[in-house]
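Trainee: Can you keep this structure in mind? I'll have questions shortly.
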Amino acid sequence: MDCKEAEALKSILDNFNALLELCDESLQIVKDIEMKARILGVQAQMKKFDFLFGVSLGFLLLKHTDNLSKTMQKEDMCAAEAQNVTSLTLSTLKSLHNDVSFNCFLLRIIASAQEMDVNERLHIVLVMVQH
Numbered sequence: 001m002d003c004k005e006a007e008a009l010k011s012i013l014d015n016f017n018a019l020l021e022l023c024d025e026s027l028q029i030v031k032d033i034e035m036k037a038r039i040l041g042v043q044a045q046m047k048k049f050d051f052l053f054g055v056s057l058g059f060l061l062l063k064h065t066d067n068l069s070k071t072m073q074k075e076d077m078c079a080a081e082a083q084n085v086t087s088l089t090l091s092t093l094k095s096l097h098n099d100v101s102f103n104c105f106l107l108r109i110i111a112s113a114q115e116m117d118v119n120e121r122l123h124i125v126l127v128m129v130q131h
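Its first residue numbered 1, the sequence shown is counted upward by one per residue in UniProt numbering.
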């Protein structure tokens, strides 16, 4: 089994602005109305804070679980090593599950959203963070 979920999400994050630009360019070229509607739908979703937040959170979690899965699939892995690697991954994930870590994560996503011109619903998040 090949664990590529985190890589796929990272690729979306790394190419976020390029993907939005591609949507704009595609709208100029594509003639099919149904395809234009799909492109507009994808573009609208990508411009929502919820989308950026979800992709970012998914990447954060999946990079650890993908790494665990890849490590566990090694043929020479003994049970003790597997248990140790699993414990380390759980420890890492648990360390992310607190208010301080979440607030740091959220502030990074807000900064990214502002850089990427992801505005829809961002104002709601900013109000919530300030209170």
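Glycine residues also receive a C-beta, built at the ideal position from the N, C-alpha and C atoms.
Buried or exposed for I29, going by 16 or more other Cβ atoms inside 10 Å?
Mentor: Exposed, by the Cβ-count rule.
Trainee: Closest to L9 by CA distance: which of F102, S95 and H64 is it?
Mentor: Out of F102, S95 and H64, H64 has the C-alpha closest to the C-alpha of L9.
Trainee: Inspect the beta-carbon positions of V118 and K48 and report whether they are closer than 8 Å.
Mentor: In this structure, K48 lies closer than 8 Å to V118 by Cβ.
Trainee: Quick one: measure Cβ to Cβ for L52 and A113, integer angstroms, because I've assumed they're closer than 8 Å.
Mentor: L52 to A113, Cβ: 5 Å. Contact.
Trainee: Since L13 and V55 are thought to touch, with beta carbons under 8 Å apart, how far apart are those beta carbons, to the nearest angstrom?
Mentor: Indeed, because the Cβ distance is near 6 Å, the residues count as touching under 8 Å.
Trainee: Over what stretch of residues does the alpha helix (DSSP H) that includes Q40 continue unbroken?
Mentor: The residue asked about is misnamed: residue 40 is Leu in this sequence, not Gln. Its alpha helix (DSSP H) spans residues I33 to M46.
Trainee: Who are the near neighbours of F59 in its chain, counting only those whose CB is closer than 7 Å to its CB and skipping five residues on each side?
Mentor: So the qualifying residues of the chain are A6, L9, K10 and L13.
Trainee: According to DSSP, is K74 part of a helix, a strand, or is it coil?
Mentor: If DSSP states are grouped into helix, strand and coil, K74 belongs with coil.
Trainee: Comparing C-alpha positions only, which one of L62, F16 and S69 sits nearest to Q45?
Mentor: Nearest option by C-alpha distance: F16.
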